[in-house]
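These notes are about the structure you will find just below.
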Amino acid sequence: MKMKNVSLKDLVNRSRVPIRVVNDSTAAGEAELFCTKIDRRRDFVYLLLENGIGGAAYVNGKVYEGNNGRSAEFGHMRIVPGGRLCNCGQRGCLEAYCSALRFTRDIGLTPEEFFEKVKTGDPACRELFEDVLDHLALGIVNIRMAFDCDIVLGGFVAEYLGPYLDMLRRKVQDLDPFERDASYVRLTKIRSAGRRGAAASFLNPFLDTI
């Protein structure tokens, strides 16, 4: 929205139409909940893979927000002590290893260009992608250990992961101490999930009144 130094509370209070401020990962997770045939009583975690990495945890069909509204900040879960510098100022965060910035800012390629080079076997891009998947698998296993539920990958990076989902699942299997089947990792089928989820938060209460 290109807004800076704007009080969201004042914006909501001044508006003549209903406004809800929600994290993009939470909105995307709500799209998964409301726009698919997922059992709404089934718990799942939504992991958003874009220029940043976010998440949302859904328990019994409702988002778990935590005591301070900051639950599921998986992007800033440290997976490599003293590792790569993250935008948050910490080192070793999942976001520093698995966000789209690994191949846009670091090597100057768009996601489309990067994955095309991965597809055609470019050695440097294949090596980088292998590293991204290794760290993503580690993050996924940590989330699985904490929540013991399905993990849905979304965001524009996830749109390129279809051909490599089995590879990622194998890496997750190798790290999971309890299960030999990583089918609990899946890709969302919803594009623009954040927008759809934000709309659903208004649309579904309206439909319930009809």
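Positions in the sequence shown are counted from 1; adding 52 to them yields our numbering. Ideal Cβ placement from N, Cα and C applies to all residues, glycine included.
- Spatial neighbours of LYS169 in its own chain (CB-CB distance under 6 Å, excluding positions within 5 residues in sequence) are listed in chain order as CYS177.
- The beta-carbon separation of GLY107 and PHE126, rounded to 4 Å, stays under the 8 Å limit for a contact.
- CA-CA distance, ASP183 to ARG248, rounds to 32 Å.
- GLY191 and ILE262 have their alpha carbons spaced roughly 42 Å apart.
- Taking 8 Å as the cut-off, the beta carbon of ASN103 is found closer than this to the beta carbon of LEU153.
- Per the C-alpha coordinates, the member of LEU255, MET197, TYR212 positioned closest to ALA234 is MET197.
- DSSP places GLY246 in the helix class (H, G or I) of the three-state scheme.
- Inter-segment contact for the stretch 71–87 and the stretch 237–254 is present: three or more beta-carbon pairs are separated by less than 8 Å.
- Ranked by how close their Cα comes to the Cα of ALA124, the residues THR78, ARG243, ALA148 have THR78 in first place.
- In this structure, ILE195 sits near VAL97, with a CB-CB distance shorter than 8 Å.
- Distance check between PRO229 and each of VAL64, VAL193, ILE203 places VAL193 closest, using alpha-carbon atoms only.
- GLY134: not part of any beta strand (DSSP E); DSSP gives it neither H nor E.
- Looking at the backbone, the Cα of ARG122 and that of TYR116 are separated by about 9 Å.
- Looking only at TYR212, THR240, PHE254, ALA189, the smallest Cα-Cα distance to GLN225 is reached by ALA189.
- For ILE262, there is no enclosing beta strand (DSSP E), as DSSP gives it neither H nor E.
- Counting along the chain, VAL237 sits inside the beta strand (DSSP E) bounded by residues 237–239.
- Annotated three-state conformation of LEU205 is strand, per DSSP.
- If you check the CB distance, LEU101 and VAL204 do not come in under 8 Å.
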